[in-house]
Structure formats: C-alpha cells, structure tokens
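**Student:** Provided herewith is a single structure, encoded as structure tokens, for subsequent inquiry.
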Amino acid sequence: MPLSGEYEPSTRGPVRDQVELYERTDGAEGNALHGLPIVVLTTVGKRSGKLRKSPVMRVEHHGRYLVVASLGGAPTSPSWYHNIMASPLVELQDGPVRKDYACKLLSGTERELWWRRAVEAFPQYAAYQARTTREIPLVLLEAS
Numbered sequence: 014m015p016l017s018g019e020y021e022p023s024t025r026g027p028v029r030d031q032v033e034l035y036e037r038t039d040g041a042e043g044n045a046l047h048g049l050p051i052v053v054l055t056t057v058g059k060r061s062g063k064l065r066k067s068p069v070m071r072v073e074h075h076g077r078y079l080v081v082a083s084l085g086g087a088p089t090s091p092s093w094y095h096n097i098m099a100s101p102l103v104e105l106q107d108g109p110v111r112k113d114y115a116c117k118l119l120s121g122t123e124r125e126l127w128w129r130r131a132v133e134a135f136p137q138y139a140a141y142q143a144r145t146t147r148e149i150p151l152v153l154l155e156a157s
C-alpha cells in the first residue's frame, strides 16, 4: 500500500536540497554522497505522522535493499530508523523507480551477510561501527 499523507521536508538544508534535486531529476542529479550512490527513503514520522524523506546510501543485492542506521557512528540511530520501527512500511526511490517495501530488522547470520554487503557498498560503515558502542541496526526492505 503506497504511503500517503503530508510531506514535511527536512529542517536540515543540505538534506532537503538533495532530496528535492534527486526527486526533481528522477535521480539523475543529487544521486551521490561521498562519491557513492544514494537512494531516497520515505518514512512516516513517528510523532508527526507526516512523510519524511532521507537520502541513504544505496545498498542493493538482487533487487533487495538494505538501509543502515549508522548516523555516522553516533551513539543513537537516525530519526528515520525510529520512524521505521513505529511504522514498518516505506517507499524507496532508486533513480526514477519508486516502490513500496515492508521493513525487517536483521539479526544473526542474515545480518552478518548484509553487513558485509553494506561495507562493500560504503566502506565507511566499518569506521562508523568502530566509533560507537551500539550495534548499528540493519533494516532489509522487502517488496510489499
């Protein structure tokens, strides 16, 4: 079921601007962070109920996507992670393609496999994990 509701852009200028550029150009522009590809994740705000959009690193394997709640190795997870935990249906835009997904928090062997894929896609994740005492949550997006 597609997400619906009022969209509230990020209060952080660079995030808001990148999402706007990415969406306006169907991912032809604003499609990279640190020189690596990103996708746009849409969640429902845990408190506000409004649609929130976040650029996240593109971690894809055989049509399945992973979102990594690293927040650069901060001691807490990003807001979008808390939104997913409260409402586990999201939309992901990869270039011009938008699809709806159900979210699954990974653990055990499946988490280890996807962690390797995440670090391969964005090697900085390993440094982020070393920076924090929390285990960085990995959320697998499965077509709904």
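Quick note: the sequence shown uses the numbering used here, first residue 14, plus one each step. Ideal Cβ placement from N, Cα and C applies to all residues, glycine included. These numbers come from a predicted model, not from an experiment.
(1) Mind reading off the beta-carbon distance from A140 to V72? Whole number of angstroms is fine, and I expect it under 8 Å.
(2) Sort R25, V52, T146 and I97 by Cα distance to R77 and report the nearest one.
(3) Assign P27 to one of three DSSP states: helix, strand, or coil.
(4) Between the stretch 104–123 and the stretch 148–156, do at least 3 Cβ pairs fall closer than 8 Å?
(5) Quick check: what's the CA-CA separation for T38 versus E123?
(6) Let me know the secondary structure DSSP gives S90 once reduced to three states.
(7) Return the Cβ separation of T145 and G86 in integer angstroms, given the expectation that the two are a contact with Cβ distance under 8 Å.
**Tutor:** According to the data block:
(1) With 8 Å as the limit, A140 and V72 do not qualify as a contact, their Cβ atoms being about 16 Å apart.
(2) When the alpha-carbon of R77 is set against those of R25, V52, T146 and I97, the nearest one is in V52.
(3) Three-state result, P27: helix.
(4) As far as the Cβ criterion goes, the stretch 104–123 touches the stretch 148–156, which means the pair count is three or higher.
(5) For T38 and E123, the distance between alpha carbons rounds to 34 Å.
(6) Here S90 carries a coil assignment [DSSP, helix/strand/coil].
(7) Rounded to whole angstroms, the Cβ separation of T145 and G86 is 5 Å, and the two are in contact under 8 Å.
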